[in-house]
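The numbering of the sequence shown is this note's numbering, which starts it at 1 and goes up by one.
Note that CB positions come from ideal geometry on N, CA and C, so glycine has one too.
Since this is a predicted model, take the numbers as computed values, not measurements.
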Amino acid sequence: MGALAASLCLAGTAQAEPRQAVEVYFFGNSLINHLSETESQTNVPEWLNLLARADGRSVAVDGQWGFLRDFADNLPPRPNWSFPGVRSAWNPRIERFGKAGLTALMVNPANFIQYQPPTVPYDGDNPRGESPVDAAVRLMGWLGTETPGTPVYIYEGWADMGGVAADFPPSMDDLARYHALNMGGYHDWYVTLRDALAARVPEADIRLVPVASILAELLTSEPLSSIPVEGLYSDNAPHGRPTLYLLAAMITYSALFETAPPAGLELPDTIEPALADNFADIAARIWAAVQPTLADGQDAAATPDTATAPAPAHMAAPEPAPEPEPATASEPTPEPAPEPESEPQQPETPAQPVQLAAPAATPAPGTIPALAMGLNGIADWSTQHPFINVMKTARPWIGHLSGQWGGMDEKALKAGGYLDEHGWPTGIPEKVTKLETFLFTDQPAEDTYLKSSYEVRYKGTGKLEIGGRAQKVTLADGMGRFEYEPGEGLVSVAIIATDPADPIRDIAIFRADQRDLFEAGALFNPVWLSRIEDLRAVRFMDWMQTNGSPVVHWEDRPDLADYSWVTGVPLEAMIELANQIGADPWFNMPHMADDAYVRAFAEQVKATLDPRLKAYVEYSNEVWNFIFAQAAYARDEGERLWGKSDTGWMEFYGLRAAQVMGLWSDVFGTETQDRLVRVAATHTGWQGLEEYVLTSDRAKAALGHFPQDDFDAYAVTGYFGYEMGGEEYAPQMQAWLDNSEDAARQDGQAQGLKRVFLDQYVAEHRFDRAIAPVAQALLDGSVREMTEVIFPYHAQAAERAGLDLVMYEGGTHVAGHGEAVSDERMTAFFKAFNYTPEMAGIYRALMAGYTGAGGHLFNAFVDVAPASQWGSWGSLRHLSDSNPRWDTLMAFNAAGDGGWQGRDPAAFANGARLAGTDTADTLQGTPEEDTLTGGAGDDTLISAGGRDHIHGGEGEDLLVLPGTIDGYTFEAVPGGLIARSNAATVTLVSVEFLEFAGDGLMIRAPSAP
């Protein structure tokens, strides 16, 4: 018999007296409180309140959105829920959490981390190596201190539907599988969590609210089985509709009040008739199922004959971002003071800044990612570090004249003939004491990834020096090593002397633990790849140095052999990245590039980009923006063609962009529709300007048609918050910051803090009270304007032109400008605010508004960059960073694109990065671009095709190649070979034997030079 039937048999079990009042705090997400844009009462607390009132009882509620690690990281709690007619359970302005008199605490884990036991560490970015149990134990440790003896309820919710049923509504078979999952594997996960917590925190009163398992039995039997799935769920996340939240509230009510839900609740028309007409019976069945779980914590829902289903693979998806916070979110408030003592106290440990460990960034199988991201420009001060060989981020050479710093820049060195075609010095000019470049400039100490041993390789004869923050430097015979720890300063690489007949060149610097990757020819830092590899698209505008680009001819392009890529990343590298991570590349054609350049660029993309990927092509960047040289170029060209006018620069942009798209279309021919997205961009805030781009009569006269006919997509920005750093808002910003700092000082004094302890407390809390009003001002101001006015306008403009609405850049523009740039306090606030949970909530609202208006491909600017007075552009501040804004972007990405473009999910697959051990290993590659590195054993490495990089390591290693030997050619390269066939291009190092899967032939690998 099922759980409900078993429970009915036990319904007579004696229970304690029902509670008359419950004061509950929820640590929850959308399984408890979903902010629907179309319906009300899509939450549990509101229904709890109605049930309690109908039963002559009372309930008070507060809560917050998040996930287990959020809650454990962000203590004391920060309530941000409110519900019509529901009394608040805690006012943090007047009392500390432990003094609120709460009678229940409810914790709601995410609903698709159940693909592995709760005792196993989270996948993805998990610096603590925590499991869900570990995170819950941290939370309960704090709760046990604050509210000892208060029951902690684990709210079961319901499983993610997305992987069980790819489409919504699901088929009948998929729905049956979904209900079985909720009664089986999903429910079992929560039983394991409860039992593990009971073992780890034996003093705690831990109870399970078995929502999923009871719901599943109710919904698979009459009368509720007749409810259409659309009457319960609004999507396959799945967010619920009022009927589902009422059922969940009835189960929760029974658990909290320890009594049956009242049979006489007056129900609105939004409740499905099958429940409304049978409400008393359903209430009794729910009580019968919950009642046996109350006496001793045993779970009656887990009867031996309960259906079981394994957690499906889709549950490896990341936790979605919490629902948008309401406009009435409470401000964080320090706890009230203890009685002052005669001696200054050590300050209480303050709530630390939220450091959310990012959810697993991988979309569920079959889900196509939704997010694009601009890649930060290459520079020695950048925190992006995308390349294994960090010399590719080196600053341009500077020649130091005797007795001074500098004196001869790279342009002068090149003009004097002192640099070869790839930028390597061929000699040192007279009166120059050394040539120098720099790496790792002012890297944040928090980026612990960078602390490492680094190896140096170089060719040539002369004297090379490495200094600055480099420690324990050894250099000899073309090799070297040094230790580096991030912090203020830089690492210098200087050529003191060089032999013109054999100059120092080909300097490479890489982490010692990435030696095998470097030797195998891999380009990209695997740590960086792990952060960006699941994106849908990457925009190369900054990598191509698009703004003010000097490139005119194909011969001007960057080359793979260039000593540094700070002036532009080679096309080959950009294509290799797109292929390796399975992401659509977005290329920006230089504004002065001639037709031959455009055609050659397109030909190389057509020949080498994975044909399953689409190339986004844009002419230059923000040609409307006179900050950049391309705007002046367009103005001059417009005047040359048509004379002076107010609109000529944008009409020329439309004309030349259409011509560029025409060249790409000529190259791709019949593949254009499947492999290209041709982009026209506009000034998002200048409504009407797009008409001069898309429908210029003067451009039509030159083209024979309107420019809009040559494009597929119409691109806008999604920036908000510029106003916060301007002169008009400055008085209000200063008032908020003053009030917040004064409040922090008063709070510290109330705690008896003095002198250095008080100053420390104020420094740590001076911005706490400013965060909420600034966030609210943004939501009410530029974010609302973007979502309610600007995005809908441009959606209509795109529709008129027959184009998809996409985004080329977007996100926070909360930074000082004008005089505010030099305001250190405002800069510090903006740098902190841009990575708060409140900022994450603003992003959620912005992205929801954008997609709601019909927009596709939200494009965050940028991936990794340090925050500064000029802006907090980096979604990550460094590679070791973890923050709520990033988590929200990754959750948006993983949620999928809703089927836009009808793409093959396999196009977005990543290559494998596998490393062996000291024993004999078998490393199996994929059809994508893989990196396989063996260890000390006799390894077997198997290539399944694609552009692979293979390093056998020590031992006698075998590489298995697809196809037969007669389909391959071999090219000797320094240290290894490149094996090429129609199916594979494999760079191999330290591999002794080759086997060909097509005919089983094995040979000894040709010797490497």
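The continuous beta strand (DSSP E) containing M373 extends over residues 372-374. Taken in chain order, the complete alpha helix (DSSP H) segments of 4 or more residues contained in the stretch 734-769 are 755-765. Annotation: K451 is outside any alpha helix (DSSP H) and is labelled neither H nor E by DSSP. The DSSP-derived three-state label of V390 is helix.
Of the other Cβ atoms in all chains shown, fewer than 16 fall within 10 Å of the Cβ of G85; this residue is therefore exposed.
Contact between F861 and G810 holds: CB atoms are separated by about 6 Å, below the 8 Å threshold. The stretch 939-951 makes no contact with the stretch 590-599, as fewer than three CB pairs between them are under 8 Å. Sorting A110, A634, A984 by C-alpha distance to the C-alpha of Y692 places A634 at the top. Annotation: A512 to A865 spans about 24 Å, alpha carbon to alpha carbon. Per the DSSP secondary-structure output, Q924 pairs in a beta bridge with I942.
The beta carbon of A798 sits closer than 7 Å to the beta carbons of Y714, D804, L805 from its chain, once the five residues preceding and following it are set aside; these are given in chain order. The Cβ-Cβ distance between Q604 and L560 does not fall below 8 Å. In terms of Cβ geometry, P242 and T270 form a close pair [threshold 8 Å]. Counting only runs that start and end inside the stretch 650-734, the beta strand (DSSP E) elements of at least 3 residues fall at 676-681, 713-720. Across the set G953, E992, G998, the C-alpha of G998 shows the shortest separation from the C-alpha of G967. The beta carbon of L914 sits closer than 6 Å to those of L923, L932, all from its chain and outside the five residues before and after it, given in chain order. Assignment of V86 by DSSP, reduced to helix, strand and coil, places it in the coil class. For D562, there is no enclosing beta strand (DSSP E), since its DSSP letter is neither H nor E. M408 is bridged by DSSP to G399. Cβ-Cβ separation between A681 and Y808: approximately 5 Å, consistent with a contact (criterion under 8 Å). Between the stretch 528-539 and the stretch 373-392 there are three or more inter-stretch CB-CB distances shorter than 8 Å, so the stretches are counted as touching. Excluding the 5 residues flanking it on each side, W736 has same chain C-beta neighbours closer than 6 Å at A770, P773, in chain order.
The DSSP-derived three-state label of R947 is strand.
The stretch 505-545 is shown to contain whole alpha helix (DSSP H) runs of 4 or more residues at 515-519, 526-532, in chain order. Pairing D205 with Y835, the inter-Cα distance amounts to about 35 Å. Sorting A578, G423, T147 by C-alpha distance to the C-alpha of T608 places A578 at the top.
Here the alpha carbon of W554 sits roughly 14 Å from the alpha carbon of M544. The way I'd put it, the stretch 486-498 doesn't touch the stretch 817-824; fewer than three beta-carbon pairs between them come closer than 8 Å. Inclusion of A699 and E622 in the CB contact set at 8 Å is not warranted, their separation being larger than that value. Per DSSP, the unbroken beta strand (DSSP E) holding V973 starts and ends at 969-973.
Taking 8 Å as the cut-off, the Cβ atoms of R557 and V551 count as close. Judged by DSSP secondary structure, R1004 falls within the beta strand (DSSP E) whose first and last residues are 1002-1004. Judged by DSSP secondary structure, S782 falls within the alpha helix (DSSP H) whose first and last residues are 782-785. The secondary-structure analysis by DSSP pairs V806 across a beta bridge with A715, H856. Going by beta carbons, G952 and S990 fall inside the 8 Å limit.
The C-beta of S226 has fewer than 16 other C-beta atoms within 10 Å across all chains shown, which makes the residue exposed.
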